[in-house]
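Visitor: Numbering (the working numbering), first residue to last: 2 to 184.
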Amino acid sequence: MPAKPAAQRYEDLHACLRLAQLEANGSHDRQQDGQRWLSRFLLTLEDYGAKLFERTTRNITCTPTDAVFEDVFSGWIPPPQQPNLKFKRVASDILHGLKQPDLALLRSTSASSHMSIAFDVDDEGEPVAIIFHLWCATDPDAPRTRLALLLNHLGAKLDTQAFEARRAQLESRLQALSNLDQF
2 MPAKPAAQRY EDLHACLRLA QLEANGSHDR QQDGQRWLSR FLLTLEDYGA
52 KLFERTTRNI TCTPTDAVFE DVFSGWIPPP QQPNLKFKRV ASDILHGLKQ
102 PDLALLRSTS ASSHMSIAFD VDDEGEPVAI IFHLWCATDP DAPRTRLALL
152 LNHLGAKLDT QAFEARRAQL ESRLQALSNL DQF
């Protein structure tokens, strides 16, 4: 069987990520229940043939400042592969997003969730998704001044055989969810 074109492999990975987001959105409020939302998202990815790798999770309690966020994204997170411009741009985009009015949402609701997905290729030329998820909540011990951050960073790529076994089900589920969007 000839290898699939690269564009099709990216489309397959993107479809898997899209379904995982839709399923997680249907189960949990990402802003208020970010940890359970992420768990559902990752479980759905695995159910449809994605392999998760090099996951890094970290809990940090801090006073929110730009310096804290700079340290978080430039210091402790090891990339799933060698750092490159795309990888650095993902971290930069999240930092930029944290400086936007989303933090006002955090102040008014006590929780906020941020996710970024970028695509790259691994050493074998296969597409991978680099996923950053940051869930912020007010620290219960100091709700007016401190944040509790839960950071997740990982790579995801499709296991071709596992994905192909579930392709029809994934496409059917995506179609059903897109039909709901029409109403």
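Idealized CB from N, CA, C, for every residue including glycine.
What do you get for residue 60, buried or exposed, if any count of 16 or more other CB atoms within 10 angstroms of its CB means buried?
Guide: Counting Cβ neighbours within 10 Å, residue 60 comes out exposed, since fewer than 16 surround it.
Visitor: Return helix, strand or coil for residue 189, following the three-state DSSP convention.
Guide: Within the shown structure, residues of the chain are numbered from 2 to 184, placing residue 189 beyond reach of any answer.
Visitor: DSSP puts residue 121 in a beta bridge; with which residues?
Guide: BP columns for residue 121 point to 129.
Visitor: Looking at the strands, I want to know which residues DSSP matches up with residue 54.
Guide: Paired residues: 156.
Visitor: One question on the structure: do residue 156 and residue 55 come within less than 7 Å of each other, judged by their Cβ atoms?
Guide: Closer than 7 Å, so yes.
Visitor: Quick one, which of 120, 163 and 20 has its alpha-carbon nearest residue 175's?
Guide: Here the closest residue by C-alpha is 20.
Visitor: Just to confirm before moving on: does the CB-CB distance between residue 167 and residue 27 stay below 7 Å?
Guide: In this structure, residue 27 does not lie closer than 7 Å to residue 167 by Cβ.
Visitor: Does the beta-carbon distance from residue 11 to residue 128 come in below 7 Å?
Guide: Contact flag set, yes.
Visitor: Can the beta-carbon of residue 63 be found closer than 7 Å to that of residue 171?
Guide: No, they are not a contact pair.
Visitor: From the DSSP output, read off the bridge partner residues of residue 59.
Guide: 152, per the DSSP bridge assignment.
Visitor: Out of 8, 39 and 165, which has the shortest C-alpha to C-alpha gap to residue 136?
Guide: Per the Cα distances, 39.
Visitor: Measure the alpha-carbon distance for residue 79 versus residue 25 and round it to whole angstroms.
Guide: Residue confidence for residue 79 is low, a pLDDT of 48 falling below 50, so the modelled location carries little weight; the figure read from the coordinates is stated next. Looking at the two C-alpha atoms, the distance is approximately 26 Å.
Visitor: Taking its Cβ as the centre, do 16 or more other Cβ atoms sit within 10 Å of residue 57, making it buried, or is it exposed?
Guide: Classification for residue 57: exposed.
Visitor: Could you check what DSSP says for residue 138 in three-state terms: helix, strand or coil?
Guide: Looking at residue 138 - three-state DSSP - the assignment turns out to be strand.
Visitor: Please determine, among 23, 113, 179 and 41, the residue with the shortest C-alpha to C-alpha distance to residue 33.
Guide: Out of 23, 113, 179 and 41, 113 has the C-alpha closest to the C-alpha of residue 33.
Visitor: Taking all protein chains shown into account, decide if residue 180 is buried (16 or more other Cβ within 10 angstroms of its Cβ) or exposed.
Guide: That one is exposed.
Visitor: Just how far apart, CA to CA, sit residue 162 and residue 53?
Guide: Going by the C-alpha atoms only, they are around 15 Å apart.
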